[in-house]
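Student: Right, I'll just put the structure down here and ask away after.
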């Protein structure tokens, strides 16, 4: 940790340096006094030149005292920790120092235990700032195929590890658990990062990023070596953390690489590798360099079955068509048909039905496209996917061919709506509703599409935002934090982002307009 000391008494600076050197050895961490300054002006110049991790400054100095220096630092470097030093334990000095958000206040002569306590806090703060800077740099690399030379240099300074590894994680539950309804919290990420920290060696770090598809996670490791011996323990930690209800995650990971600037292109390759090999109901751990035979080639030719399906559709033998589709699912399951190939097969079946009907389906193919994608993302097994897909096709066949249904689906959906409305301030998820109403996730997704025209995420989000608008209008003095919590968002900033995205204006803008507008 780099420290700048500011005091107009050289003798005290030397004393403080000795104490910091002793602490450095005791705590086994580098505490380096990079500059000794005798007034505030020198200190500001040194801060601009060196970007230290902390500033220790006396409170009484000529030209610019410690309080004035703290004010100037806060204006130019709002996050830089400041420790005020004073031989005068005055409440007025302390109150003035607190106005500028100083980190701590020490009375001369400095007590060694008090100094150690402050230094330990500063070291933790510096490590956290360094970690967050590296995280910000990684995000910049992720979104930018190329960086300017200056940004490249900054990246190499902030990310100096000799090796890195990237893990692309497909978490089947996250598509409905996190992106809108219950966003992945910092605490959840911190828990996994802590678990990984027990596996990594000294100084090695991990970063976790949610990706733009709303369901995948990227884990990046900064390593001292290639990390090969740590892989079994890492896989075990990822499996335990991301498994939900017996369904484990699928992971594709890179070989160790030295150049962090490759991360952007590498993530694209990892995403492609996993999407091509992903199989419903199976937790896979793959390397991006796997050279096993193309899984597409292992899927049997079903042209004969598809031709038979065309004949059944022409004859309007919908019962026979359903049984044939069930048999196709059994074939696909037997040969571990990858999800990407399975999606093409299901879309092909929908196209065949549309061609036979000689007219667009009830809701249009684009809607079926969204339904198929949703079912592929939520199904935990081939039989569950078959059930949901066949239930979806029942609308296209214009008669009930989905099996022995004893419930009126419209009444069932009305019960689900009532449940959601009465629990709007509580965590809501597809697994919770499937358990509450004893229905599979794929069928539940179909109900939301059939009776609301929205996905589960879209439906609940719209309902919550509508309720937020009502509360803002009828209770204008209620704070956004209170409203957010009442409708199920415990992160006010996240609530504001969702509100702005859905409503088209921020909560404050809506409040300003709602005086003359009604819902």
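In our numbering, the protein residues as written are 2 to 520.
We put the beta carbon where it would ideally sit given N, CA and C, even for glycine.
Predicted model, so just to flag it, every value in this text is computed and none were measured.
(1) Just to confirm the assignment: which complete alpha helix (DSSP H) runs, minimum length 4, are found wholly within the region 56-118?
(2) Expressed to the nearest angstrom, what Euclidean distance is found between the alpha-carbon atoms of residue 498 and residue 7?
(3) Using beta-carbon positions only, say whether residue 169 and residue 217 come within less than 8 Å of one another.
(4) Quick one: grab the DSSP three-state call for residue 330.
(5) Tell me whether the beta-carbon of residue 162 lies closer than 8 Å to the beta-carbon of residue 257.
(6) Is it a yes or a no for the region 50-59 touching the region 111-130, going by three-plus beta-carbon pairs under 8 Å?
(7) Among residues of its own chain, excluding the 5 on either side of residue 242, which ones have a beta-carbon nearer than 6 Å to its beta-carbon?
(8) Shortest alpha-carbon distance to residue 288 belongs to which of 259, 412, 455, 229?
(9) In whole angstroms, what separates the C-alpha of residue 180 from that of residue 44?
(10) Taking 8 Å as the cut-off, does the region 414-427 touch the region 333-352 (at least 3 CB pairs, one atom from each stretch)?
(11) So, residue 48 versus residue 68, is the Cβ gap smaller than 8 Å?
(12) Using a Cβ-Cβ cut-off of 7 Å (strictly less than) and excluding sequence neighbours within five positions of residue 515, which residues of its own chain qualify?
(13) How far does the alpha helix (DSSP H) with residue 225 in it reach, from first residue to last?
(14) If we count the other Cβ atoms within 10 Å of its Cβ and call it buried at 16 or more, is residue 29 buried or exposed?
(15) Can you give me the C-alpha to C-alpha distance between residue 14 and residue 85, rounded to a whole angstrom?
(16) In chain order, what residues of the same chain lie with their CB nearer than 8 Å to the CB of residue 279, ignoring the 5 residues before and after it?
(17) Just tell me which of 490, 495, 467, 492 has its CA closest to the CA of residue 523.
(18) Report the rounded CA-to-CA distance for residue 233 versus residue 462, giving the unit in angstroms.
(19) Helix, strand or coil: which one does DSSP assign to residue 132?
(20) Excluding five sequence neighbours on each side, which residues of the same chain lie with their C-beta closer than 6 Å to the C-beta of residue 369?
(21) Three-state secondary structure (DSSP) at residue 478?
(22) For residue 144, is the classification buried or exposed, using 16 other Cβ atoms within 10 angstroms of its Cβ as the cut-off for buried?
(23) Within a Cβ cutoff of 8 Å, which residues of the same chain sit near residue 503, ignoring the five residues on either side of it in sequence?
(24) Would the beta-carbon of residue 501 fall within 8 Å of that of residue 443?
(25) Find the nearest neighbour of residue 261 within the set 336, 60, 428, 159, judged by alpha-carbon distance.
(26) Please list, in chain order, all residues of the same chain as residue 265 whose beta carbon is under 8 Å from its beta carbon, the five residues on each side excluded.
(27) Identify, in the order they occur along the chain, each residue of the same chain with its Cβ nearer than 6 Å to the Cβ of residue 240, setting aside the five sequence neighbours on each side.
(28) If I measure Cβ to Cβ from residue 139 and keep anything under 8 Å in the same chain, skipping five residues before and after, which residues do I get?
(29) Of all the alpha helix (DSSP H) runs that stay within the bounds of the region 404-489, which reach a length of 4 or more residues?
(30) DSSP state of residue 288, grouped into three classes?
(31) Is DSSP giving residue 1 helix, strand or coil here?
(32) Can you pull the DSSP bridge partners for residue 253?
(33) Following the continuous beta strand (DSSP E) through residue 3, name the residue where it begins and the one where it ends.
(34) Among all the DSSP beta bridges, which residues are the ones paired with residue 209?
(35) Identify every residue that forms a DSSP beta bridge with residue 38.
(36) Is it buried or exposed for residue 231, if we count other Cβ within 10 angstroms and need 16 for buried?
Tutor: Short version:
(1) 67-77, 92-100
(2) 42 Å
(3) yes
(4) helix
(5) no
(6) yes
(7) 193
(8) 229
(9) With a pLDDT of 39 at residue 180, under the threshold of 50, the modelled position of this residue cannot be trusted; read the value that follows with caution. Roughly 45 Å between the two C-alpha positions.
(10) no
(11) no
(12) 473, 474
(13) Here residue 225 belongs to no alpha helix (DSSP H), and DSSP marks it neither H nor E.
(14) exposed
(15) 13 Å
(16) 171, 251, 285, 339, 340, 341
(17) Absent from the model: residue 523. The displayed extent of the chain is 2 to 520, so no value can be given.
(18) 39 Å
(19) helix
(20) 351
(21) coil
(22) exposed
(23) 462, 463, 466
(24) no
(25) 159
(26) 142, 143, 144, 145, 146
(27) 249
(28) 160, 208, 210, 221, 261, 264
(29) 410-423, 431-438, 442-453, 457-475, 481-487
(30) strand
(31) Outside the shown range of the chain, which is 2 to 520, sits residue 1, and nothing can be said about it.
(32) 169, 287
(33) 3-7
(34) 220
(35) 7
(36) buried
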